[in-house]
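Trainee: Residue numbers (this note's numbering): 5 to 393. C-beta: ideal position from N, C-alpha, C; glycine also. Note that the structure is a prediction, hence the values are computed from the model and not measured.
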Amino acid sequence: MRKRYLAVALAALLAGGSAAAREYRVGLLLPYSGVYAALGKEIQAGFELGLEHYGGELGEDTVTILPEDTEVKPPVGLTKAKKLVLQDRVDVLAGLVSSGVLAAVRDFVDAARVPLIVANAGNIHATGEKCSRYIIRVSFSNAQITRPMGRYLAEIGVKTVVAMAPDYAAGHQDVEAMKGAFEAAGGKVLKEIYTPFRKTKDFGPYLTEAQATGAEALFVFYAGGEAIGFMKQYASFGLRDKLPLYAAGFLTSQLYREAIGEPALGSVNSLHYLTTLDNPENARFQKAFQEKYGRVASEFAVQGYDAARLIVAALAASRGDKEKFVDAARTTTFASPRGPWRIDPRTNNIVQNIYIYEIVKGEDGRLVEKLLETYENEQDPPNGCRLAG
Ligand code: PHB
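1) Please write down, chain order preserved, every residue whose beta carbon lies under 5 Å from a heavy atom of the ligand PHB.
2) Could you spell out where the beta strand (DSSP E) holding Gln-383 opens and where it closes?
3) Determine the direct distance from the alpha carbon of Gly-190 to that of Pro-248, and round the result to whole angstroms.
4) What residue does the beta strand (DSSP E) around Gly-99 start on, and which one ends it?
5) Which class does Ser-240 belong to by DSSP, given the choice of helix, strand or coil?
6) Under the DSSP definition of a beta bridge, which residues are partnered with Val-316?
7) Residue range of the alpha helix (DSSP H) that Ala-49 falls in?
8) Going by DSSP in three states, Lys-7 sits in which element: helix, strand or coil?
9) Could you tell me which residues DSSP pairs with Asn-273 in its beta bridges?
10) Sorted by chain position, which residues of the same chain lie with C-beta nearer than 7 Å to Gly-20's C-beta, five sequence neighbours on each side aside?
11) Return the CA-CA distance between Asp-348 and Asp-65, expressed in angstroms with no decimal places.
12) For the region 95-179, which segments carrying the beta strand (DSSP E) assignment without a break, of at least 3 residues, lie completely within its bounds, in sequence order?
13) Leaving out the 5 sequence neighbours to the left and right, which residues in its chain are closer than 6 Å to Val-355 when beta-carbon positions are compared?
14) With the cut-off set at 8 Å, would you say Leu-97 and Ile-69 are in Cβ contact?
15) In chain order, what residues of the same chain have a beta carbon less than 6 Å from the beta carbon of Thr-150, not counting five sequence neighbours either side?
As structure tokens, then:
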């Protein structure tokens, strides 16, 4: 078998052609069930479009994806990561939506020396004190999204805020970063309220608690199924005029903005992507995504799309050598639908613009983003990470 392969490869080389085509395997660790199921499917949709657009850069070589459902559960995520690496022998891992699942797979990925391209999970420790050469993030970090919101709240003159978020890593990190920036600029967070993650259906008691603080504004992080439930109850409590809403933009993501409907109007959000960004890559991306899937692409789709493109570029530069793959992935950049970005060599975290916007009704009745402010090249501090520069 081996001899035959070598003979074929040699013949191809002598004929001036390339060696036999390789099949690279990418393990996609995403939630396909649970509160973030829609996010996982959207990231995969973007990833597949990215492969369609850029897979050709590998010539004869191909990429096969192996999706595994993390169920938004850390132990399940770790089991699936081990399966993909030890049994399926993937060349690369990609995905991860929940900060909790990313924390659970971190040590295994680092020890196995398998590259992991993070396509959502914002856990600051994965590119901070628990960073790894093998973990490269092309999505965002939790602090990167909400630190500008803290600054913005202070800039527009808000003095007091109450915060709400799910009680797990991402919720705490989103609130802490907003609070740090807001209080450094003279504001005060009166209370932090954490709701049981994946279990809270009734946000009523927490909304009552938030209102009782007398804060001028409410800051929240919720995503997926929790975001829809939260927004509907916030609106039915009649809080829009009493306790204006500021949020990490996943709250009103394009992915489920229409499902939220009118309650999304007037919320002010911070995020690394707007569906309406005016650049050639976004025009091409949105057109192709809408043709393929029949809906407007969200930030999650962009993250999948860029992860696929980064993986293709790094595979083309490394051809199966994992160390070379990491070197290439850490130093590659390209024009993204989200605008300019690069990987910080100190941490393997992404550096990118963060946009503050309000959800308004567009001319066609669609709920769209109205840009209020851009914070350029938002970069996390190394937070104890010391990767070679
Ligand atoms: C996270 O757990 O890091 C997370 C999950 C969903 C989001 C954003 C961040 O939309």
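Mentor: Based on what the coordinates show:
1) Ser-102, Ser-103, Ala-125, Gly-126, Ala-174, Ala-227 and Phe-254
2) Counting along the chain, Gln-383 falls outside any beta strand (DSSP E), and DSSP gives it neither H nor E.
3) 19 Å
4) 96-99
5) helix
6) DSSP, once it has assigned bridges, lists no residue as partnering Val-316.
7) 41-58
8) In this predicted model, Lys-7 has a pLDDT of only 47, less than 50, meaning its place in the structure is not dependable; the value taken from the coordinates is given anyway. Three-state result, Lys-7: helix.
9) Ala-251 and Tyr-361
10) Caution is warranted here: a pLDDT of 49 is assigned to Gly-20, below 50, making its placement in the model unreliable, and the coordinate value is therefore given only provisionally. Excluding positions up to five away in sequence, the list is empty.
11) 29 Å
12) 96-99, 120-122, 139-141 and 164-170
13) Arg-346, Asp-348, Asn-381 and Gln-383
14) no
15) Asp-178, Ala-181, Met-182 and Ala-252
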